[in-house]
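Residue 131 in UniProt numbering sits at position 131 of the sequence shown; the count goes up by one each step and never skips.
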Amino acid sequence: MTAKKSATSANSDDITDGRIVSSRHLVSERCAELSELEYALIMTSNAFNKWMVRCMTAAGEPDMGAFDVSLLHHVNHRDRKKKLADICFVLNVEDTHVVTYALKKLVKAGYVTSEKAGKELYFSTTEEGKALCMKYRDVREACLINIQAESGIAGASIGETAQLLRTISSLYDTAARAAASL
1 MTAKKSATSA NSDDITDGRI VSSRHLVSER CAELSELEYA LIMTSNAFNK
51 WMVRCMTAAG EPDMGAFDVS LLHHVNHRDR KKKLADICFV LNVEDTHVVT
101 YALKKLVKAG YVTSEKAGKE LYFSTTEEGK ALCMKYRDVR EACLINIQAE
151 SGIAGASIGE TAQLLRTISS LYDTAARAAA SL
């Protein structure tokens, strides 16, 4: 019992220093804020993935995972045909097999079509895929955008946060390259 008490009191700094982290052992004295950010990213990523799946289900397609949803929206973006390499690059996905598998599922479901031009395969949304994206948009407007407006979080703050997250993403990409070279 005393061993448990001392272990508990040793970890009380998690509460008293005000930091909310998921992995105390990773907190660095040089930048403890990264541990806070990483926990927030985990929570946000999981919440966002859950949101995309629930929104797509409400839009009428209950059989898509979060990656499938984001991929469909990207393929639909600007109503242009896209190459696999460009899709992977823009979405920052290193494993092309993951994207290829998801694209095959979307093609099979009738939301995306592929077209060969020379040696290159191009992907675009079908009319059914475009319609599903618009239904998703309607649900997004009714649920997420209304909640955002009620939250009091200014659109400008969200934009600044997005810009910061894109910058932070480059830190993690650089660190991943460094780790791969070890």
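Just so you know, even glycine gets a beta-carbon here, dropped at the ideal spot from N, CA and C.
Within 7 Å, strictly: CB atoms of residue i and residue j
i, j, result
"Ala-47", "Leu-71", "no"
"Val-112", "Thr-96", "no"
"Val-139", "Ala-59", "yes"
"Met-64", "Met-56", "yes"
"Val-99", "Cys-88", "yes"
"Lys-81", "Tyr-122", "yes"
"Val-21", "Glu-36", "yes"
"Ala-66", "Asn-92", "no"
"Leu-106", "Glu-61", "no"
Residues bridged to residue i [DSSP beta-bridge criterion]
i, result
"Thr-96", "For Thr-96, which the question treats as bridged, DSSP gives no partner whatsoever."
"Tyr-122", "Lys-83, Glu-115"
Counted within 10 angstroms of its Cβ, other Cβ atoms place residue i as buried (16 or more) or exposed
i, result
"Cys-31", "exposed"
"Leu-182", "exposed"
"Lys-119", "exposed"
"Gly-129", "buried"
"Thr-16", "Unreliable positioning characterises Thr-16 in this predicted model, as indicated by a pLDDT of 42, which lies under 50. The coordinate reading is nonetheless provided below. By the 10 Å Cβ count, Thr-16 comes out exposed."
"Val-27", "buried"
"Val-90", "exposed"
"Asp-68", "buried"
"Ile-168", "exposed"
"Met-134", "exposed"
Residue i - DSSP class collapsed to helix/strand/coil
i, result
"Ala-117", "strand"
"Ser-12", "In this prediction, Ser-12 scores a pLDDT of 46, lower than 50, which makes its location untrustworthy; the coordinate-derived value is nonetheless stated afterwards. In this structure, Ser-12 counts as coil in the three-state DSSP scheme."
"Arg-19", "coil"
"Val-27", "coil"
"Asp-63", "coil"
Unbroken alpha helix (DSSP H) run spanning residue i, endpoints
i, result
"Asp-173", "155-180"
"Arg-140", "127-140"
"Met-56", "33-58"
"Ile-147", "146-151"
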